[in-house]
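Contents: one structure, followed by commentary.
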Amino acid sequence: MEFKDYYKIMGIPRDASQDDIKRAYRKLARKYHPDVSKDPQAEARFKELGEAYEVLKDPEKRVAYDRLGTNWKADQEFSPPPDWNAGFEFSQQGFTGADASQFSEFFESLFGRSFRAEQAGRGGETHGGSGGAFFHAPGENRYAKIMIDLEDSYHGATRTISLQVPEVDAEGHVSTREHKLNVAIPRGIRPRQYIRLTGKGAPGHGQGKAGDLYLEVEFRSHPIYRVDEYDVYLDLPVAPWEATLGATVTVPTPEGMVDLKIPADSTTGRKLRLRGRGIPGKTPGDFYVVLRIAPPPATDERDKAFYRSMAEQFKSFNPRAKLGVI
Amino acid sequence: MSDENGHRNNAPSPPPKLSVTLVDEQNALTLTEFSHACSVQSGYIIELVDEGLITPQIMAEEHEPHCWRFTGTQMRRARMALRLQSDLGINLAGVALALQLLDEIETLQMRLNVLDNW
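Residue numbers (UniProt numbering), protein chains in the order written: chain A, 1 to 326; chain B, 1 to 118.
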């Protein structure tokens, strides 16, 4: 187990005031909140930050943590000194809804399993009834994100997904168990839709029903297509003569190659629609081809001569006319 | 898919394929179902609608909560609102502003990606 330097994580000195700690937390939380930040590390940073704040914002825990001393370095191998917390009693108040089951082993070794377990049992943000020994209540819902490919939406797919499910055993130990599910991805699914797996959430209490599992669908960014709601876009490079004279060209779509007629006198940015070839469904989306003129490179003297003769031929052509350049 | 029962002693067979429900327009949720799905009280959802954070479909002429229907898009926004509120300590108006700006950033980012490809 590695030592965690909570002050370093929050970017504050060890003598920071409680107000400083709160300000630092707010600032970093806004920066690394997974709903706000596009940084792939954001989620991990945000969790780490939540844990650091959980300890430092609470004067009792902070004093106890400080007693470990200043000789520890971040990521150093750590085991808590015996009786390190003798004389402390944690009142465990003011917990602000962070999911303690996500906290590190380091946190657990210091502040106890019961704390982590109690939180894990509460299941994140749900505001269910609190536990008497005998009561029946439905299990909490669980939420996860799955990444799929655009092609999966066109064809439907089956995906095996692994979820890390926190589990609390009879002695209050928290562990995460891998939970594998084979999920049918319905054809025509769009980004940000939710899939419900009934009864695959947390088990119910007593005779209560199990909760549901909700999967939020996200599309992996595609190397050539873009998705906007129901519609799919492709940027299509065309040769200048294809754009100007018109041509029939072969175009990739997620359903396979199609022949597309480029009308004469097309310019860069022209949008051609293939109706109904977007995301499939009762009212399927459209597939848009956006033209982009790709000039052939002049690699030798003959090519250059050709471009020069073009310049001669189109002497009166002013590509910058709209910019007011004469 | 054919040998779900066989080969017990060998490699573990893949877990059975689960049928799923897509929370889309055809399976839109009522206020009660939606609140359950989001693990919040229905009062919270009504607040979100009143603040203009999520816009349900309305199944009748009157804009009454029992006529509202919700889909996955609204679920994502409701869950985001909940997380932003509890994690960052901002009120609903602030969350509404944050979501609006995030939407705008996303639209701009999409346009930027197009330009970057050119």
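Even for Gly, the Cβ is constructed at its ideal location relative to N, Cα and C.
Between residue i and the ligand NAD, is the CB less than 7 Å from at least one heavy atom?
i: Gly-208 (chain A); result: Ligands displayed in this structure: none; no statement on the ligand NAD is therefore possible.
Give me the DSSP bridge partner(s) of residue i.
i: Val-165 (chain A); result: A:Arg-177
i: Thr-158 (chain A); result: A:Ala-184
i: Thr-250 (chain A); result: A:Asp-259
i: Arg-308 (chain A); result: Bridge partners of Arg-308 (chain A): none, in fact.
i: Gln-109 (chain B); result: Bridge partners of Gln-109 (chain B): none, in fact.
i: Lys-271 (chain A); result: A:Val-290
i: Trp-68 (chain B); result: B:Ile-58
i: Leu-197 (chain A); result: A:Leu-213
i: Arg-226 (chain A); result: A:Tyr-233
i: Val-63 (chain A); result: Note: Val-63 (chain A) sits in no beta bridge, so no partner.
i: Glu-218 (chain A); result: A:Met-147
i: His-205 (chain A); result: A:Ala-137
i: Val-95 (chain B); result: BP columns for Val-95 (chain B) are empty, so no partner.
i: Leu-29 (chain B); result: B:Phe-70
Consult DSSP for residue i and reduce its assignment to one of helix, strand or coil.
i: Thr-73 (chain B); result: helix
i: Lys-282 (chain A); result: coil
i: Val-20 (chain B); result: coil
i: residue 328 (chain A); result: A question about residue 328 (chain A) goes unanswered here, because the residues of chain A that appear run from 1 up to 326.
i: Leu-68 (chain A); result: coil
i: His-36 (chain B); result: helix
i: Arg-302 (chain A); result: helix
i: Arg-45 (chain A); result: helix
i: Val-114 (chain B); result: helix
i: Arg-142 (chain A); result: strand
i: Val-36 (chain A); result: coil
i: Val-238 (chain A); result: strand
i: Ile-189 (chain A); result: coil
i: Leu-101 (chain B); result: helix
i: Lys-57 (chain A); result: coil
i: Val-49 (chain B); result: helix
i: Ala-16 (chain A); result: coil
i: Phe-317 (chain A); result: coil
Between residue i and chain A, is the shortest Cβ-Cβ distance under 8 Å, so that the two count as touching?
i: Ala-93 (chain B); result: no
i: Thr-73 (chain B); result: yes
i: Asp-24 (chain B); result: yes
i: Asp-87 (chain B); result: yes
i: Ala-28 (chain B); result: no
i: Ser-42 (chain B); result: no
i: Leu-48 (chain B); result: no
i: Arg-69 (chain B); result: no
i: Asp-3 (chain B); result: Residue placement at Asp-3 (chain B) is flagged as unreliable, the pLDDT there being 43, under the threshold of 50; the coordinate-derived value follows with that caveat. Not one chain A Cβ lies under 8 Å of Asp-3 (chain B).
i: Met-59 (chain B); result: no
i: Ser-35 (chain B); result: no
i: Leu-84 (chain B); result: yes
i: Thr-55 (chain B); result: no
i: Arg-76 (chain B); result: yes
i: Thr-21 (chain B); result: yes
i: Arg-111 (chain B); result: no
i: Leu-18 (chain B); result: yes
i: Leu-102 (chain B); result: yes
So, residue i versus residue j, is the Cβ gap smaller than 8 Å?
i: Leu-260 (chain A); j: Thr-248 (chain A); result: yes
i: Thr-253 (chain A); j: Arg-277 (chain A); result: yes
i: Gly-204 (chain A); j: Pro-138 (chain A); result: yes
i: Gly-285 (chain A); j: Val-217 (chain A); result: no
i: Thr-268 (chain A); j: Arg-292 (chain A); result: yes
i: Asp-206 (chain A); j: Phe-135 (chain A); result: As written in the sequence, residue 206 (chain A) is Gly, which differs from the Asp given in the question. Going by C-beta atoms, Gly-206 (chain A) is nearer than 8 Å to Phe-135 (chain A).
i: Val-40 (chain B); j: Leu-82 (chain B); result: yes
i: Phe-46 (chain A); j: Ala-24 (chain A); result: no
i: Ala-243 (chain A); j: Ser-266 (chain A); result: yes
i: Lys-4 (chain A); j: Phe-106 (chain A); result: yes
i: Arg-79 (chain B); j: Leu-53 (chain B); result: no
i: Lys-22 (chain A); j: Lys-57 (chain A); result: yes
i: Tyr-194 (chain A); j: Leu-215 (chain A); result: yes
i: Pro-191 (chain A); j: Val-227 (chain A); result: yes
i: Val-95 (chain B); j: Leu-102 (chain B); result: no
i: Arg-308 (chain A); j: Tyr-288 (chain A); result: no
i: Ile-45 (chain B); j: Cys-38 (chain B); result: yes
i: Ile-12 (chain A); j: Asp-19 (chain A); result: no
With a threshold of 8 Å between beta-carbons, can residue i be considered close to chain B, or not?
i: Val-36 (chain A); result: yes
i: Arg-226 (chain A); result: yes
i: His-155 (chain A); result: no
i: Tyr-194 (chain A); result: yes
i: Glu-140 (chain A); result: yes
i: Pro-254 (chain A); result: no
i: Arg-177 (chain A); result: no
i: Tyr-143 (chain A); result: yes
i: Ala-239 (chain A); result: no
i: Ala-184 (chain A); result: yes
Contact the segment 70-85 of chain B vs the segment 24-31 of chain B: 3+ CB pairs below 8 Å: yes
Sufficient close CB pairs (3 or more, under 8 Å) joining the segment 144-161 of chain A to the segment 180-192 of chain A: yes
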